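Below: the structure, in structure tokens.
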Amino acid sequence: MSELLDPNDVNVFWNDLVEESQKIAKNELVLEDLLNRHVLSCKSLSVCLARIISSKLASREVDRQQLFSVCMQAYTEDPNLLKSAVADVLAVANRDPASKSIVRILLFLKGPHVIESFRVANWLWKRGRIDLASYIQSRISEVFSVDIHPAATLGNGLMFDHATNIVIGETAVVADTVSILHDVTLGGTGKEQGDRHPKVGKGVMIGAGAKVLGNIRIGEGAIVGAGSVVLADVPAHCTVVGVPARVVGHPSMDMPSLDMDQTLAMTENDMKKANELCPVIDIRQI
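Position one of the sequence shown corresponds to residue 1011 (my numbering), numbered consecutively onward.
In structure tokens, the structure reads:
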């Protein structure tokens, strides 16, 4: 599988999803009804996604059919949402050694559920339907323990690994091909207004429990180590750890989000090359 999309990828992905679902339904009868409802009885990926999202976020006050209709409207008016969903699922398949089945990723992992639900909320927000977007944000928080403001900007091919307790603020920007682990905050530093949240570059990996605060930039291809508190810009292709975070090394590849290597182990040759590109500095002095 590839994270590179072309106009035919949605159809190819949908055909693969149906074929895999048929095999699982045949071998695991307990899941037959679930697979029939969410995949096998659907005419397209848009219907499949709309059923998954609406079943997760429905409540006594806003029922499943109402949310299903909203999702279908979003997918009809903006087909790029489907391409984004395919890229997000393939991101997990390519990066997570525990998750290779696209059926299990799409139906059972809450990371994709969160991201695709957010994309619908963001679509509503951009069209001025602020209250419904905020309702979906609230339901995402209640159901998945993830809070993403619907005005945030998220790129394609994202992986939220485990996803629990991720918080992303209103003016945050997350570029394509980023991997974020659980308990990460992309937040502000106080009561300031305006542009106040982090901007995360392409290919960045943010480790579990990291807190990235303020209108700062995490450069392309950087790693933020688990448990770090980042309060200043991070140069591209550098690894930062600590409280407050400081540069301690350099990833061994251009986009560490793809490799998901959270160790600091590097060959001597890798370190030499990395130091030529990005000398080790203390970001508190930037």
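Idealized CB from N, CA, C, for every residue including glycine. Because the structure is a prediction, the values reported are computed rather than measured.
- Boundaries (first-last residue) of the beta strand (DSSP E) holding Thr1195: 1195 to 1197
- Query: When we look at the beta-carbon of Gln1147 and count the other beta-carbons within 10 Å, is it buried (16 or more) or exposed?
  - Reply: buried
- Item | Close beta carbons around Ala1143, own chain, < 6 angstroms, minus the five adjacent residues each side | Ala1131, Leu1134, Trp1135, Pro1160
- Query: For the beta strand (DSSP E) that contains Ile1190, what are its first and last residues?
  - Reply: 1189 to 1191
- Message: Using a 10 Å radius around the Cβ and a threshold of 16 neighbouring Cβ atoms, would you call Phe1118 buried or exposed?
- Response: exposed
- Query: Taking DSSP as the reference, what is the three-state secondary structure of Gly1259?
  - Reply: strand
- Contacts around Asp1019, its chain only, beta-carbon distance under 6 angstroms, and the 5 residues preceding and following it disregarded: Val1096
- Leu1055 to Glu1087 span [Cα, whole Å]: 14 angstroms
- Task: Provide the residue(s) that pair with Phe1078 in DSSP beta bridges, ordered along the chain.
- Result: Looking at the DSSP assignment, Phe1078 forms no beta bridge with any residue, so it has no partner.
- State buried or exposed for Arg1105, treating a residue as buried only when at least 16 other CB atoms are found within 10 Å of its CB. buried
- Task: Would you kindly work out how many angstroms separate the C-alpha atoms of His1172 and Asp1269, rounded to a whole number?
- Result: 17 angstroms
- Counting Cβ pairs, one atom from each stretch, are 3 or more of them under 8 angstroms apart for the region 1149 to 1158 and the region 1200 to 1207? no
- Message: For Gly1259, tell me which candidate among Cys1248, Lys1036, Gly1252 has the shortest Cα-Cα distance.
- Response: Cys1248
- Segment contact, 8 angstroms Cβ cut-off, at least three pairs: the region 1213 to 1220 with the region 1236 to 1243: yes
- Beta-bridge pairing of Lys1201 - partner residues as DSSP gives them: Bridge partners of Lys1201: none, in fact.
- Query: With DSSP run on the structure shown, which of helix, strand or coil describes Lys1212?
  - Reply: coil
- Message: Can you tell me whether Ala1108 is buried or exposed? The criterion is at least 16 other CB atoms within 10 Å of its CB, across all chains shown.
- Response: exposed
- Below 8 angstroms on the Cβ atoms is my guess for Ala1182 versus Leu1196; work out the distance and round it to an integer in Å. 4 angstroms
- Item | Under 8 angstroms between C-beta atoms of Val1188 and Val1214 | yes
- Cross-strand partners of Met1270 (DSSP beta bridge): Answer is none; Met1270 lacks a bridge partner.
- Item | Terminal residues of the alpha helix (DSSP H) in which Asp1019 lies | 1019 to 1037
- Write down every uninterrupted run of the alpha helix (DSSP H) in the region 1123 to 1165 whose length is 4 residues or greater and which is fully enclosed by it, in chain order. 1140 to 1154
- Query: Is Leu1119 helix, strand or coil when you go by DSSP?
  - Reply: coil
- Query: What residues are listed by DSSP as bridge partners for Asp1171?
  - Reply: Leu1191
- Item | Neighbourhood of Ile1298 by C-beta distance below 7 angstroms, restricted to the same chain and skipping five residues each side | For residue 1298 there is no data in the structure shown, the boundaries of the chain being 1011 and 1296.
- Tell me which same chain residues have a C-beta within less than 8 angstroms of the C-beta of Ala1246, skipping the five on either side of it? Gly1211, Gly1229, Glu1230, Gly1231, Ala1232, Cys1288
- Task: Return the CA-CA distance between Asp1098 and Arg1256, expressed in angstroms with no decimal places.
- Result: 30 angstroms
- To the nearest angstrom, how far is it from the Cα of Thr1174 to the Cα of Val1156? 6 angstroms
- Query: What is the DSSP secondary structure of Leu1223, reduced to helix, strand or coil?
  - Reply: strand
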